[in-house]
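Please read the structure below before turning to the comments.
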Amino acid sequence: MTQHTGSRLQADNEAIFLIHVPKTAGSTLRIVVRRQYAEDECFLTYPPREPGRTLASHPQPEQLRLVMGHYRYGFHRDRPGLPYRYAAFLREPFSQVRSHYYYLRTAPKRKHAERDRHRSIIEQYPTLADFAGHEWAYNLQTVYLSGIPYVLLKDAPEEALSQAIRNLDTEFVAVGLTERFDESLVVLQYHLGWRDVSYVKTNVRTQRFADEDDTDQAREAIDGVTRLDQVLYDHAQAMLDRQISQIPDFESRLEILREKNAAKAAAAAAAEQATGGSSTSTAASVSGP
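Per our numbering, residue -16 is the first one in the sequence shown, and the count goes up by one each step.
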């Protein structure tokens, strides 16, 4: 039986700009979204790893259907005159900042310049509480969705928050939440007509530091610099709930996705056991923030 694929499929020459806020399950999401598009329809950008790689320099921007990476709202302006919509995933602010901090401390496979830059940040902000003083901890999700850089956002925080919410309400086909990843994928699948969105989790951080890194002091410090992000996250929660309520067969779609995920996880575990733990799935080989 053919399932309804959604009421808002992509128009001709329309690109979905999928903002990847660091540490919001983007590594897993990349695998899912690239399954939906041909290679020449995708533009993935993750500066500073790819200096000089810009959307404006793309030889055939009208062919792009998916633009994903670490960029702020407004990236579509490098593709002028062509239709677009945005999507993004957000994460509970304290968890996002903590995960970002641990990533900087632990990710082992980096290009040399990036590794040195991250080491320098940790030397200057050695604890989780200290990291609250770095610009990457300061309402980063609001920075990304408002399009307003950190240096300007600090001077007009309420204006930036209003802009982020306005963008979310008017230019985003959907917003997902890391904590509700499966539900979010079903919403994206419905509105964009995506095919199979099942997955095996990737880039799951297993190493954790001592409990003293995750203290009341750290939480208080991070809560103090993510107030805007919390308001934005709450707004995204309500938006996701509304979109779910508009999908008539949502529960059956969600059940199908979770059954596929369970089957894939079991197959991956069996393959790893059969090879003595030396085998990793394609999904698990992808790393990144």
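For glycine and all other residues, C-beta sits at the position ideal for the given N, C-alpha and C. Quick caveat: nothing in here was measured; it's all calculated off a predicted structure.
Residue nearest to residue i in terms of C-alpha spacing, selected from the options
{"i": "residue 134", "options": "52, 181, 119", "result": "119"}
{"i": "residue 123", "options": "-7, 216, 46, 41", "result": "216"}
{"i": "residue 173", "options": "163, 162, 141, 232", "result": "232"}
{"i": "residue 69", "options": "242, -3, 144, 200", "result": "-3"}
{"i": "residue 62", "options": "44, 101, 78, 73", "result": "44"}
{"i": "residue 158", "options": "10, 222, 47", "result": "222"}
{"i": "residue 163", "options": "125, 64, 7", "result": "7"}
{"i": "residue 121", "options": "156, 14, 76, 208", "result": "208"}
{"i": "residue 198", "options": "81, 66, 18, -5", "result": "81"}
{"i": "residue 5", "options": "-7, 241, 79", "result": "79"}
{"i": "residue 101", "options": "88, 111, 112", "result": "88"}
{"i": "residue 116", "options": "171, 179, 50, 206", "result": "206"}
{"i": "residue 214", "options": "107, 146, 49, 13", "result": "146"}
{"i": "residue 141", "options": "12, 212, 66, 98", "result": "212"}
{"i": "residue 111", "options": "196, 218, 250, 18", "result": "196"}
{"i": "residue 169", "options": "99, 244, 202, 138", "result": "244"}
{"i": "residue 238", "options": "228, 218, 166, 183", "result": "166"}
Burial state of residue i (16 or more Cβ within 10 Å)
{"i": "residue 152", "result": "exposed"}
{"i": "residue 103", "result": "exposed"}
{"i": "residue 10", "result": "buried"}
{"i": "residue 129", "result": "buried"}
{"i": "residue 161", "result": "buried"}
{"i": "residue 258", "result": "exposed"}
{"i": "residue 52", "result": "buried"}
{"i": "residue 125", "result": "buried"}
{"i": "residue 143", "result": "buried"}
For residue i, the first and last residue of its enclosing alpha helix (DSSP H)
{"i": "residue 164", "result": "164 to 175"}
{"i": "residue 131", "result": "That residue, residue 131, is in no alpha helix (DSSP H); it is neither H nor E in DSSP."}
{"i": "residue 77", "result": "76 to 89"}
{"i": "residue 259", "result": "Residue 259 -> no alpha helix (DSSP H), and no H or E assigned at all."}
{"i": "residue 116", "result": "Here residue 116 belongs to no alpha helix (DSSP H), and DSSP marks it neither H nor E."}
{"i": "residue 153", "result": "140 to 154"}
{"i": "residue 11", "result": "9 to 17"}
{"i": "residue 200", "result": "199 to 208"}
Where residue i falls: helix, strand or coil (DSSP)
{"i": "residue 214", "result": "helix"}
{"i": "residue 64", "result": "coil"}
{"i": "residue 4", "result": "coil"}
{"i": "residue -16", "result": "A caution first: residue -16 carries a pLDDT of 29, below 50, which makes its placement in the model too unreliable to give a value."}
{"i": "residue 180", "result": "coil"}
{"i": "residue -8", "result": "coil"}
{"i": "residue 252", "result": "helix"}
{"i": "residue 108", "result": "coil"}
{"i": "residue 230", "result": "coil"}
{"i": "residue 219", "result": "helix"}
{"i": "residue 69", "result": "strand"}
{"i": "residue 245", "result": "helix"}
{"i": "residue 157", "result": "strand"}
First through last residue of the beta strand (DSSP E) which encompasses residue i
{"i": "residue 57", "result": "No beta strand (DSSP E) contains residue 57, which DSSP labels as neither H nor E."}
{"i": "residue 50", "result": "49 to 52"}
{"i": "residue 28", "result": "25 to 28"}
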